[in-house]
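Undergrad:
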Amino acid sequence: MTAETKRSIDFNETTFSNERRAPADLAPIANEIRRDIIRMLVRAGSGHSGGPLGSSDIFATLYFGGYMRYNPKDMLAPRDRFVLSAGHMAPVMYASLANAGCYPKKEQETLRTYNTRLQGHPGRDMHLPGIETSSGSLGQGISIAVGMAMNDKLLDKNDRRVFTLTGDGELQEGSVWEAAMAAAHYKLDNFCWLIDNNDCQIDGRVPDVMNVYPIDKKCEAFGFDTIVVKGHDFADLMRGFDHFLSNQKNNVGKPTAIICQTFMGSGVSFMNDKYEWHGKPPTKDQAAEALEELSSQS
Amino acid sequence: MELLGSKPTRFGFGDGLLALGERHSNVVVLGGDITGSVMTQQFKEKFPDRFFSIGIAEQNATTIAVGLALSGKIPFFASYGAFCALRNADQLRISVAYNEANVKIGGGHSGISVGPDGATHQVLEEVAYLRTLPHMTLIVPADYEEAKKATIAMGEMVGPAYIRFGRSPVPLFTTPDTPFVLGKANIVMHGSDVAIIANGALVWEAVLAAQELAKKGIHARVVNVHTVKPFDFETVTAAARECGCVVTAEEHQVHAGLGGAVAECTAKNAPVPIEFVGVKDSFGGSGDPEELMVKFGLTWREIYASALVAMNRRDKGSSGVRAIKDVPVYTV
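The listed protein sequences derive, respectively, from chains A and B. Following our numbering, the numbering of the first sequence begins with 1 at its first residue and continues without gaps. Following our numbering, the numbering of the second sequence begins with 299 at its first residue and continues without gaps.
1. In three-state DSSP terms, what is B:R385?
2. Just list the beta strand (DSSP E) runs in the stretch 60-98 of chain A, keeping only unbroken ones of 3 residues or longer that don't cross its boundaries, in chain order.
3. Rounded to the nearest angstrom, what separates B:E356 and A:H127 at their Cα positions?
4. So, using beta-carbon positions, are B:G330 and B:F349 closer together than 8 Å?
5. With a cut-off of 8 Å, does the C-beta of B:D388 fall near any C-beta of chain A?
6. Taking contact to mean 3 or more Cβ pairs, one atom from each stretch, closer than 8 Å, check whether the stretch 187-205 of chain A and the stretch 361-369 of chain B are in contact.
7. Should B:N610 go down as buried or exposed, given a rule of 16 or more other Cβ atoms within 10 Å for buried?
8. For B:T361, return the contacting residues in chain A, with the cut-off set at a CB-CB distance below 7 Å.
9. Just the Cα atoms here: how many angstroms apart are B:S490 and B:L436?
10. For A:A287, which residues of its own chain have a beta-carbon under 6 Å away from its beta-carbon, when the five flanking residues on both sides are left out?
11. For A:T2, decide whether its Cβ has a neighbour in chain B, counting only Cβ atoms nearer than 8 Å.
12. May I ask you to list the residues that DSSP assigns as paired with B:K371?
13. Pull up the distance between the alpha-carbon of B:R391 and that of B:N358, whole angstroms please.
14. Just to confirm my understanding: we take B:T472, look at its own chain, exclude 5 residues before and 5 after, and list those with CB closer than 6 Å. What are they?
15. In the DSSP assignment, what are the bridge partners of A:C192?
16. Can you have a look at B:E424 and say buried or exposed, based on whether 16 or more other CB atoms are within 10 angstroms of its CB?
17. Does any CB atom of chain A fall closer than 8 Å to the CB of B:A376?
18. Report yes if the CB atom of B:V526 is closer than 8 Å to the CB atom of B:L556, and no otherwise.
19. Let me see if you follow: with CB-CB separation under 8 Å, is A:T166 close to chain B or not?
20. Compute the Euclidean distance between the alpha carbons of A:P207 and B:K344, then round it to the nearest angstrom.
21. Measuring CB to CB, does A:G265 end up less than 8 Å from A:K274?
22. Mind checking who B:E573 pairs with in its DSSP beta bridge?
23. Alpha helix (DSSP H) containing B:V560: first to last residue?
24. For A:T133, list the residues DSSP reports as bridge partners.
25. When you compare each of A:G204, A:M271, A:M148, A:A180 to A:G139 by their alpha carbons, which one comes out closest?
26. State the Cα-Cα distance for the pair B:G312 and B:A603, rounded to the nearest angstrom.
27. Is DSSP giving B:M434 helix, strand or coil here?
28. Go through its chain and collect everything with a Cβ distance to B:I622's Cβ below 7 Å, but skip five positions before and after it.
29. Could you give the first and the last residue of the continuous alpha helix (DSSP H) run that contains B:T307?
30. Are B:V394 and B:S408 closer than 8 Å when you measure CB to CB?
31. Where do the N-terminal and C-terminal ends of the beta strand (DSSP E) with B:R519 fall, by residue?
32. At least one CB of chain B closer than 8 Å to the CB of A:E292: is that the case?
33. Any heavy atom of the ligand ADP inside 7 Å of the beta-carbon of B:T535?
34. Can you find the residues in the same chain that come closer than 7 Å, C-beta to C-beta, to A:R239, ignoring five residues on each side of it along the sequence?
35. Threshold first: 4 residues or longer. Then list the alpha helix (DSSP H) segments lying entirely within the stretch 422-467 of chain B, N to C.
36. Quick check: the stretch 446-458 of chain B against the stretch 408-418 of chain B, are there 3 or more CB pairs under 8 Å?
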């Protein structure tokens, strides 16, 4: 199937809330996502702070920069798809979806509580709009996303975009590379792999726990068009996403990897670049301090 | 019950898959490098646009199948049962079962009948694992015809499903007209002296055992539990209550497989003596399939002997289970 016969997904353009925004417009959205994350986590009393805060700028760009095409009022309608492979980063996805209007913002308060739609790790059975799949066991989401991209490119032959996000510690899971191999083998230029490269995992710095570098060379060797961006610079993030869009449009026959260099816990000074914040929530006092700092930036 | 021939159950999977492919354009197949062995080759030749080679990467194949299923396709992934039930166990648990993804797995070369390949390839534990997964349907067909019908049925139901089949030819004794309903056990022979509950290649051995028992005036009920999950509590409970003793028979560890499922059912509904025929807490070994079936005690002789033991245990005790009537059957 050639580019000429690629079928357009029947997106209902009139209902899109995610028109293309300028980099400067994304900062306040990312700031609100960060504040929501802090408010969710302090209330829950458990959960992951570092990764969600550190990837908030990536999520703001993805969901609000015009790259994901979706109808927040109907997340089962034709849409681009995002699979969160790093399931423990759920709070940033929940906050993004709430701010996009996919579900009520107030429901964020239920994170990790009894019968919530916002489990500690995403559960598809809870039918929260925008959750494409359950995830939490690392290395699986990327394979699911590859399967979706194979469907779109090789079977349905449409122009849907498939995004997935893994952590960098997640790259230690061998099945990640099985997925990468398949994405390149099937020339999935509709597939965009976002890597949140904050260099931290629960036990310490990534190279100390198990070295995964050089990530860019590995991705290239596996057949990805690989681009490294500054993960807290919206213009640079958009450069990466634009590169992917161009790859898909031009049928380059290669999947795209965007390595986003981030800082765990970014936006909150006392968490910034500290792996100790991978898997714990702020105390009430810490949350107040964090919210004050974030409010002063907005 | 008569013998109609001999054919591997894997041929039934391959033929069923081909029939499904002709019937449904959204059936797709993922290959794990052994497409000739597990009989997906003919689908690949007939529907090349709907076949995808994933290489020797069972974890990835399983989760790619999830992505396809979440896009409206009906993906089948087949490999050796040793690799597509346990190596990918985590993927089956979270991405397939928890997602309720419409993924179908074909586990070939299962049990010891794979023979000369040796113990590493003789998977004897996967039924125990798979039947604990919520939402999973698990089928262990007895012969070629049943495997074919089961493959079509699993493709046409919605939800995760696994079918277990073998490499070597096994007796063929059902016909295209034999009823097959997922989740509904078949009574292969009627009787009420002892219930022999079997699946897979052991169903025919159970028939042979029942025929030998008949020579002594003992009428065994042979029940083919082809669907281990969802489990047919009604039929198994009735067999236990009406016969008062049970023998289970399977080409699998005696622990936590079909025997375990039957024991869980009867413990609640009809606590009768049970004898278990199967592999008794050991790995497989090298040899021809027939030699190994004898070595591991998976023939009609063990079923026959176990039936006598079970009946003796029943008659020496006084559980009164046979008197249970009109009591609701507990399930799950």
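Note that CB positions come from ideal geometry on N, CA and C, so glycine has one too. No experiment lies behind these values; they were computed from the predicted model shown.
TA: According to the structure data:
1. Collapsing the DSSP output to three states places B:R385 in coil.
2. As far as the stretch 60-98 of chain A is concerned, its whole beta strand (DSSP E) runs of at least 3 residues are 81-84.
3. Near 28 Å, if we compare the C-alpha coordinates of A:H127 and B:E356.
4. It is not a contact, given that the beta carbons lie outside the stated cut-off.
5. It does; some Cβ of chain A falls within 8 Å.
6. Too few Cβ pairs lie closer than 8 Å, so no.
7. Around the C-beta of B:N610, fewer than 16 other C-beta atoms lie within 10 Å, and the residue is accordingly described as exposed.
8. For B:T361, the residues of chain A that pass the 7 Å Cβ criterion are Q140, S143, I144, G147, in the order they occur in the chain.
9. Looking at the two C-alpha atoms, the distance is approximately 28 Å.
10. Cβ neighbours of A:A287 beyond the five flanking positions: I38, V42.
11. Model confidence at A:T2 stands at a pLDDT of 40, short of 50, so the residue's coordinates are unreliable; what they give is reported in the following sentence. It does not: the Cβ of A:T2 has no partner Cβ on chain B nearer than 8 Å.
12. None, per the DSSP bridge assignment.
13. Spanning the two alpha carbons is a distance of roughly 14 Å.
14. Counting only Cβ-Cβ distances below 6 Å, and skipping sequence neighbours, we find D441, E443, E444.
15. Note: A:C192 sits in a beta bridge opposite A:F163, A:T256.
16. Burial of B:E424 is indicated by the presence of at least 16 other C-beta atoms within 10 angstroms of its C-beta.
17. False, the Cβ-Cβ gap to chain A never drops below 8 Å.
18. Between B:V526 and B:L556, the C-beta gap is smaller than 8 Å, which places the two residues in contact.
19. No, A:T166 lies away from the interface with chain B (no Cβ there is under 8 Å from its Cβ).
20. So the alpha carbons of these two residues sit roughly 48 Å apart.
21. Yes, the Cβ-Cβ distance between A:G265 and A:K274 is below 8 Å.
22. As a beta-bridge residue in DSSP terms, B:E573 pairs with B:V545.
23. First-last of the alpha helix (DSSP H) with B:V560: 556-567.
24. In the DSSP assignment, no residue is bridged to A:T133.
25. Cα-wise, what sits closest to A:G139 is A:A180.
26. About 36 Å.
27. Annotated three-state conformation of B:M434 is coil, per DSSP.
28. R539, A568, listed in sequence order.
29. Per DSSP, the continuous alpha helix (DSSP H) segment holding B:T307 begins and ends at 307-321.
30. No, the Cβ-Cβ distance between B:V394 and B:S408 is not below 8 Å.
31. Segment 518-522, the beta strand (DSSP E) holding B:R519.
32. For A:E292, the answer is no, since every Cβ of chain B falls outside 8 Å of its Cβ.
33. As presented, the structure is devoid of all ligands, the ligand ADP included, so that no description of it is given.
34. Cβ-Cβ distances below 7 Å link A:R239 to V229 in the same chain, with the five nearest sequence neighbours on each side left out; the list follows chain order.
35. Fully enclosed alpha helix (DSSP H) runs of 4 or longer: 424-428, 442-454.
36. Using a C-beta cut-off of 8 Å, the stretch 446-458 of chain B makes no contact with the stretch 408-418 of chain B, since fewer than three inter-stretch Cβ pairs fall below that distance.
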